[in-house]
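Our numbering puts the first residue of the sequence shown at 27, with every later residue one more than the last. Ideal Cβ positions, reconstructed from N, Cα and C, are used throughout, including at glycine.
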Amino acid sequence: MQKKSLGIVLTYIRYRETSILVTIYTKSSGIKSFIENGVRSAKGKHKMALFQPLNLLDLDLFLKDKGLCRISEAKSAYPFKETPYNIYKSSIALFLAEVLYKVLKEEEENVPLFDFLEEKIKELDQIKTGLENFHIYFLWELMVFLGIFPETMHEMFSQLGNRSPELEAMMERLILRGQVEGLNRKIRSEMIQVLLDFYHLHLESLGEIKSLDVLHEVLS
Numbered sequence: 027m028q029k030k031s032l033g034i035v036l037t038y039i040r041y042r043e044t045s046i047l048v049t050i051y052t053k054s055s056g057i058k059s060f061i062e063n064g065v066r067s068a069k070g071k072h073k074m075a076l077f078q079p080l081n082l083l084d085l086d087l088f089l090k091d092k093g094l095c096r097i098s099e100a101k102s103a104y105p106f107k108e109t110p111y112n113i114y115k116s117s118i119a120l121f122l123a124e125v126l127y128k129v130l131k132e133e134e135e136n137v138p139l140f141d142f143l144e145e146k147i148k149e150l151d152q153i154k155t156g157l158e159n160f161h162i163y164f165l166w167e168l169m170v171f172l173g174i175f176p177e178t179m180h181e182m183f184s185q186l187g188n189r190s191p192e193l194e195a196m197m198e199r200l201i202l203r204g205q206v207e208g209l210n211r212k213i214r215s216e217m218i219q220v221l222l223d224f225y226h227l228h229l230e231s232l233g234e235i236k237s238l239d240v241l242h243e244v245l246s
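Below, the structure written as C-alpha cells:
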C-alpha cells in the first residue's frame with residue numbers, strides 16, 4: 027500500500043555495506059521499520075543526514091502489514107536551525123528519541139500524539155531559555171499520551187515509595203508552577219530518574235536508556 031505521511035525518525039542501525047534499517051514514527055500508521063538501501067554510499071537516493079534522531083520528514087511510503095517497509099521519497103519537513111549544531115540540544119534530542127523508540131509500539135494512527143511530538147521537536151530547536159528543563163517537562167507531558175499520567179505528583183512519588191518529600195515538592199514547583207529557583211544539576215538528574223523509574227514501573231519496554239549518561243555529562 028502506498029501512502030504519504032509525515033514521519034519522525036527515532037533510530038537506525040547499519041545494514042550490510044551501504045544500507046540502514048530505520049525506525050520512524052509516522053503520522054498515518056504509527057511505528058514502522060524501513061530498509062533504506064544505498065543511503066551510506068555517495069550514489070544513494072537519500073542521504074544519511076535525513077535519518078538523524080527526531081528529524082521530521084515528508085515521506086512517500088510503501089507499507090506492508092508484516093516485515094520491512096520501503097521509502098519511495100523522503101525530504102525534510104522542518105529544516106533544523108540549531109538542534110544538530112548545538113551539543114546541548116542534540117544530546118537532548120538523542121535522549122528523547124531513545125525514550126520514544128522504547129515506548130512507542132502502536133502501528134496505528136495517533137494524530138494527537140504525533141502533533142504533540144512535532145510541536146515539541148520544533149520547540150526544542152527554537153527554544154532560547156529553559157533548555158536545561160526541557161526534557162523534564164517533555165517526559166511529564168508525554169505520560170498523558172502513554173496512558174500512565176498520575177493524577178497528582180504525590181501519587182507518582184507514592185507509587186515509587188515516596189522516596190523524597192523534598193524532591194517531590196521541588197518537582198511540583200517546577201512542573202506544575204514553573205518555579206525554577208534553587209535547581210541544580212544534581213536535582214535535575216534526580217528528577218529525570220524519578221520520571222524514568224515511573225516509566226519503568228508502567229512500561230516494561232523502556233529498558234536501559236543508554237544516552238542518559240551522555241545527557242548528564244553534557245548538561246553538567
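query: Same chain only: Cβ atoms within 7 Å of K128, ignoring 5 sequence neighbours per side; result: S231, L232 and G233
query: Reduced DSSP category for K154 - H, G, I as helix; E, B as strand; rest coil; result: coil
query: Collapsed DSSP secondary structure at E62 in the structure displayed; result: strand
query: Rounded distance between the beta-carbons of E124 and I235, thought under 8 Å; result: 6 Å
query: Distance between beta carbons of E198 and M179, contact taken as under 8 Å; result: 4 Å
query: CA-to-CA distance, E194 to R211, given in whole angstroms; result: 16 Å
query: Bridge partners - D223, DSSP secondary structure assignment; result: Partner(s): none; D223 has no beta bridge.
query: Endpoints, the alpha helix (DSSP H) within which I118 is located; result: I113 to V129
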